[in-house]
Structure formats: C-alpha cells, structure tokens
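Numbering (the numbering used here), first residue to last: 2 to 334.
I have placed the structure first, in the form of structure tokens, so that the comments after it can refer back to it.
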C-alpha cells in the first residue's frame, strides 16, 4: 500500500482504516511508588502509586492498543499488509514527535525499559508484513536513541540493587527487541550481557537474590523478572546467543524455582521470613504472570509446562507483545 509523503496523519489513518495514534508522550517524571522508610521496597505509598499509574497510563494504553492490533496479524485470512502499515504508522507518529525524549527522574529511566520492549515486540510481529520505508526510517533511529540512553543509564547511573533485578531484565528485553529491528550488534550484545548479569546472580535453587530481598513481594518480583529473562533469552538464542549458559544453565534453574513456588511459596517464605502476597489472599496468579511460558516452551519443550500453560490461558502481556500463545504458536505445535 503506497501513500504519497506529506499525506496528513488523519488522512493517512483513514486510508489505512486504522485509529489515529494518541498524542505522543514527550516527557515523563515518575517518582517511587514505595514509602521512604521501606528498606525492602515492599511497602507501597498508595498516593505515589496512583500518581505513577496515572502518569504512565497514556503510554501504557498506547502499547496495549498496538499489541492488540499487532496480534490480529495471526487471524485466519488477516489483511497482513494493512495491519502492518497501521501499526508501523502509529509508532512512526510518536517517533517523528520525539516521544519519550525527556525522562526526568531515575525512577522513570528504571521503568521505561519494559515500555520499549512493548513497542519493539509489537513491531516484531508486523514489520515482516508491511510498513513504509518512510515510517520505518523514522522509527529505527528513534528507538535506537532510546535504547542508547538505556544502555548508558544502566551502566553508569542505575542503583546497584536495581542493576541485578527485574527492571534490568526488562531493559535487556527492550534492547534485544530493538536490536532485532535495527540489526544493531552492539545493542544485541548489551542485551545479552544484561540478561547474563541478572541470571548469573541466581542462587543454586534458582531464586534471584535481588528479588528475594523484597520482603512480602519477593515472589511477585521473581515472577516479574522471569518474563523478560525468558523472552529476551528466546530472542537472543535465535541470534546465536545462549544466555545463562555460563552460569550452569541459570535460566532453567530460575524457571524451575518460579514454577515450584506456585504451590504456596514455601521456599520464598523461608528465605524472606514473610508470607508472600500471592498466598495471603491479597493477589492471585493469573495468565499474565505466566505469559512467558510459550516462549520458554520453544527453548525447553515440556508436556508438564504445556499443560500448565493451557490451564492458565489466555497468556497475555502487552509488554511481551500481547497474546503469547499466538506469537509463539508456530514453534510450539
């Protein structure tokens, strides 16, 4: 589908039969969600949490919309080129506006990696099917610049504890996804290094020490780390990397611990001395928490985990690209 350059955004969207991109988020300044006196960062400041959610909502809603549209590419008889042009053009509108150029706090920089992953993994589904070169030429340097900022932040300014935890893993996933789009070997190498940096901290039982320091939220953050570690490992293995291999197959140990702890979290409680929030009645494990399973099954087939995935379907996370069963179905059938 060819459109003349200079066509207005509204006309372009109408011709592509897709929604307009929302107003680009140019600046973000997110503050910590935790109380100042929470040494384990497990006590939530409800007002700060509400403010952070509100500030991130326009960005997160856009990523949800993009992944919902991208997942339509897997429908029978889907108009592949139209869907691809639509998703790519919406992201290009943000790229041309310089979205996310001003991240005004370290907390914002800590949390932006998972959002970059969402953009990259939505695009990964559609770019093979379409998108104009004009739009893609706007997107690639925009995402590359944001990824460069992430690399510098995590190597130079990120807090010591965070460098070993789930947010570093999400930044690595964002880097791996963007590297696939830009074919950047330096970014891909950094993503691989970052995945190893987190995986190689794993205890012999597969627990991640940074997440185990989080009190009653330890298991929650273990699960939050597993998702990007698994999906980034999948993307990187497809490019010849083997994250965790130098650490006695740490990925397998981390996954095995996480699955075993679903039945009450006894080991996590032993480590932390606190009942975990998924087992005290305040939260429950859902398909969102296990959305990484289809990607893991492409790396390590297992009848038991296949059954577990089926019992928690649908398995979806916008920051992993949406419906994971659709995305990885061709490699797990």
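No residue lacks a Cβ here, since even glycine has one placed at the ideal position from N, Cα and C.
| Asked | Found |
| --- | --- |
| Candidates 258, 93, 71, of which the one nearest residue 85 by Cα | 71 |
| Beta carbon of residue 1 nearer than 8 Å to that of residue 148 | Outside the shown range of the chain, which is 2 to 334, sits residue 1, and nothing can be said about it. |
| Backbone CA spacing between residue 223 and residue 212 [nearest angstrom] | 6 Å |
| C-alpha gap between residue 139 and residue 200, whole angstroms | 34 Å |
| Residues bridged to residue 324 [DSSP beta-bridge criterion] | 317 |
| Extent of the continuous alpha helix (DSSP H) run through residue 263 | Premise fails: residue 263 is in no alpha helix (DSSP H) and is neither H nor E. |
| Supposed close pair residue 252, residue 236 - CB separation, criterion 8 Å | 13 Å between Cβ atoms; not a contact. |
| C-beta atoms of residue 180 and residue 168 nearer than 8 Å | no |
| Alpha carbon of residue 89 to alpha carbon of residue 47, nearest angstrom | 36 Å |
| Top-ranked residue by Cα proximity to residue 233, from 193, 182, 136 | 193 |
| C-alpha distance - residue 92 paired with residue 22, whole-angstrom precision | 7 Å |
| Rounded C-alpha distance that separates residue 270 from residue 216 | 9 Å |
| Residue 74 - DSSP class collapsed to helix/strand/coil | helix |
| Cβ neighbour criterion (16 or more within 10 Å) applied to residue 320 | buried |
| Uninterrupted alpha helix (DSSP H) stretches inside the region 206 to 290 (no shorter than 4 residues) | 210 to 213, 219 to 238, 251 to 261, 267 to 273 |
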